[in-house]
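One structure is given below, encoded as structure tokens.
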Amino acid sequence: MKKSRSAGASSPVNGKEDWDTRRKRKTADIAQALSATPVDVAALRRMAISEGGLLTDEIRCQVWPRLLNVPLSVLDQEPETVERENNKDYNQVLLDVQRSLRRFPPGMPDEQREGLQEELIDIILRVLKRNPQLHYYQGYHDIVVTFLLVLEERLATALVEKLSTHHLRDFMDPTMDNTKHILNYLMPIIDRVNPEVHDFMQQAEVGTVFALSWLITWFGHVLSDFRHVVRLYDFFLACHPLMPIYFAAVIVLYREEEVLECECDMAMVHHLLSQIPQDLPYETLISRAGDLFVQFPPSELAREAASHESMASSTFKDFDLASTQQRPDSVLRRRRRQKQAALESSAASSVVAQPSAARRFVRLAVMGLTVALGAAALAVVNTALEWAPKLDLFP
Amino acid sequence: MQNNHQKEHLYKILVIGDLGVGKTSIIKRYVHHNFSPNYRATIGVDFALKVLNWDQETVRLQLWDIAGQERFGNMTRVYYREAMGAFIVFDVTRPASFEAVTKWKEDLDSKLTLANGKHVATVLLANKCDQGRDVLTNNGIKMEQFCQENGFVGWYETSAKENINIDEAANCLVKHIIASENDMLQSEVPDTITPQLEKDKGGTCSSCFRSQ
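The following block contains the structure:
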């Protein structure tokens, strides 16, 4: 890992060959982390975040369950059958699944796709039945189909269930109030980085509903290339549950010129922003989202966002606790890594610690680092992730 | 709505109704002249713009495609603001989606009132009429009665897939929007007799009702 960082830092302009080398090394690093006893989940998290994410669906099959602390023993259990008759959610789920054709690979034979759509319905109904506190929302099927296309049915069910009771929990309340609350984080983040864009959007009264489908489907609903979707899932599975809203902010900020040139009108700005460009530089944006998370952690934005506590964040703390308990030595390892990371990214972390008055300038400094010293900026992200769950999120 | 050499109108229109009835398909057909069986569920709100020439004037229609799932209702409320008209859509092959029509209409009326205190012009669309007809739509007289009782200015059997009656329905709605706009302009002057477009005169726009 250390080697790959210094390699990345010493040659900011990386050719294809160079990426191939790094890719091979990363594959080996992931294999090593998986074969360690106990499995080095923290390393896997870093791999999921860093350049290229988890690389292949084959690797994802092995790593995603680890990131969510789902035991592979679920593979031994027969999936329970779910009654479709008299199921309150069936009609709606069916309608949404029928309309999910575009989420399947274009070349897939109809028969295979139809089989997967049946499994998709089963998984959704199974999770909802086992967790009566959860409520289906349109877009949930976009999350589930992503898992089903990577994993087989039993693992997909287990992962989706874990995710539904943690990262997605807020979206599955009886009402969307908590989802609205999470969307309220968007404008404060934009304001910290580019007040001009923030003010423009406020003036247009565009609101945040343009980002709703991004948030509740982890962008699965709006991105047409499946590789981009799973790359983002790698990132989000390894991160704090509020990371998708930071990524949403990063997309808006990336399009700042377009936004400011747009007619300052709710309809026009909503239209512009809800049409997500398909050629986004995902790796750069992921890195930026991480930077923003470090600089403006949720705790700092919470007061602005609203007064309600976010369920996802609070449940995430329990979740993290559960996944660290399986590795009693994790604290020691974390400390060791933090020291290492601090050395490697001393420049970046020292600017991050500046008082808020200097924030806008700091952003540029860190952004600059992101481009020039990808590895150092990545260390910042990693450091943040190490302590993110420890944050007092809502003081 | 700038007054250049040519007069321009901008009208905001809501498209609402249960999920999967074809709201997105109707808008795509009307604005982009095409149809796909593979539209995804609308999450939140979508938006499309249609420009019409109307009596030598330009009419811009902002069509707001509102997600059908009830739980989004609280979030999409803000998009109802300043709407001048609405389509409420149901699926002729799914009776439940028709039963929800009155609920959507009541919800619309509770969220939106014109400056003159009246409800916005609303046209009812019985969509997917190419896929066989439910008993509900086979009786035109009953549908007209339903429209009058529930405050719809007209209704159409539509098919986004086969491009049936989409333009006609939109023209009917625009006509009523313009009429209610004129009505409001006049009602701003006190002691003026205003033309009535009330439901007790449901036949005012007979062209809006398809003869069965």
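As they're listed, the protein sequences go chains A and B.
Residue numbers 1 to 395, in full-length UniProt numbering, belong to the letters of the first sequence in order.
Residue numbers 1 to 212, in full-length UniProt numbering, belong to the letters of the second sequence in order.
Glycine residues also receive a C-beta, built at the ideal position from the N, C-alpha and C atoms.
Owing to the predicted nature of the structure, the values given are computational and were not obtained by experimental measurement.
- 92, 95, 96: these are the residues of the region 75-98 of chain A whose beta carbon lies less than 7 Å from some beta carbon of chain B, given in chain order.
- Chain-order list of chain B residues neighbouring residue 175 of chain A: 71, 74, by C-beta distance under 8 Å.
- Straight-line measurement puts the Cα of residue 47 of chain A at about 40 Å from the Cα of residue 20 of chain B.
- Of the candidates A:42, A:177, A:228, A:172, the residue whose Cα lies closest to the Cα of residue 133 of chain A is A:172.
- C-alpha of residue 119 of chain A to C-alpha of residue 97 of chain B: approximately 26 Å in a straight line.
- Just measuring C-alpha positions, the residue of A:18, A:20, A:49 sitting nearest residue 282 of chain A is A:49.
- Comparing alpha-carbon positions, the option among A:195, A:41, A:297 lying closest to residue 259 of chain A turns out to be A:195.
- At a C-beta separation below 9 Å, residue 107 of chain A has no neighbours in chain B, since its nearest C-beta there lies roughly 15 Å away.
- Look at residue 207 of chain A: its C-beta is under 8 Å from a C-beta on chain B.
- Close to residue 44 of chain B, with beta-carbon spacing below 7 Å, are these residues of chain A in chain order: 209, 212, 213.
- Of B:132, B:121, B:181, the smallest CA-CA separation from residue 155 of chain B is found for B:121.
- A check of alpha carbon separations from residue 219 of chain A across A:146, A:238, A:20 identifies A:146 as the nearest.
- For the pair residue 45 of chain B and residue 66 of chain B, the CB atoms are nearer than the 8 Å cut-off.
- Residues of chain A with a Cβ closer than 9 Å to the Cβ of residue 14 of chain B do not exist, since the nearest Cβ in that chain sits about 12 Å away.
- Restricting attention to A:55, A:35, A:182, A:33, the CA atom closest to the CA of residue 19 of chain A is found in A:55.
- Bounds of the alpha helix (DSSP H) holding residue 115 of chain A are 110-130.
- In this structure, residue 65 of chain A sits away from residue 167 of chain A, with a CB-CB distance that is not shorter than 8 Å.
- Of all C-beta pairs linking the region 85-93 of chain A to the region 65-77 of chain A, fewer than three are shorter than 8 Å, placing the two stretches out of contact.
- Distances from the alpha-carbon of residue 234 of chain A to those of A:21, A:39, A:207, A:61 put A:61 closest.
- As summarised for the region 160-213 of chain A, the continuous alpha helix (DSSP H) elements at least 4 residues long and confined to that stretch are 177-183, 186-193, 195-204, given in chain order.
- Straight-line spacing of the CA atoms in residue 183 of chain A and residue 244 of chain A works out to 10 Å.
- Neighbourhood of residue 137 of chain A in chain B, by CB distance below 9 Å: 43, 69, 71, 72, in chain order.
- For residue 19 of chain B, at least one C-beta of chain A is nearer than 8 Å to its own C-beta.
- In the assembly as shown, residue 73 of chain A is an exposed residue. Its beta-carbon has fewer than 16 other beta-carbons within 10 Å.
- Between residue 267 of chain A and residue 62 of chain B, the C-beta gap is smaller than 8 Å, which places the two residues in contact.
- Per DSSP, residue 158 of chain B lies in no alpha helix (DSSP H) segment and is marked neither H nor E.
- DSSP, reduced to helix, strand and coil, places residue 123 of chain B within a strand of the structure shown.
- Annotation for residue 15 of chain B: the continuous beta strand (DSSP E) segment containing it runs 8-17.
- Chain B has no Cβ within less than 8 Å of the Cβ of residue 151 of chain A.
- Per the Cβ contact rule, the region 268-278 of chain A is in contact with the region 205-222 of chain A (3 or more Cβ pairs under 8 Å).
- Interface annotation, residue 47 of chain B: in contact with chain A, CB-CB separation under 8 Å.
- Classified as exposed, residue 99 of chain B has fewer than 16 neighbouring CB atoms from the shown chains inside 10 Å of its CB.
- Taking the CA atoms as reference points, residue 198 of chain A sits about 19 Å from residue 214 of chain A.
- Judged by DSSP secondary structure, residue 73 of chain B falls within the alpha helix (DSSP H) whose first and last residues are 73-76.
- In the three-state reduction of the DSSP assignment, residue 51 of chain B falls in the strand class, which pools E and B.
- With respect to residue 166 of chain B, residue 26 of chain B sits close: the two C-beta atoms are nearer than 8 Å.
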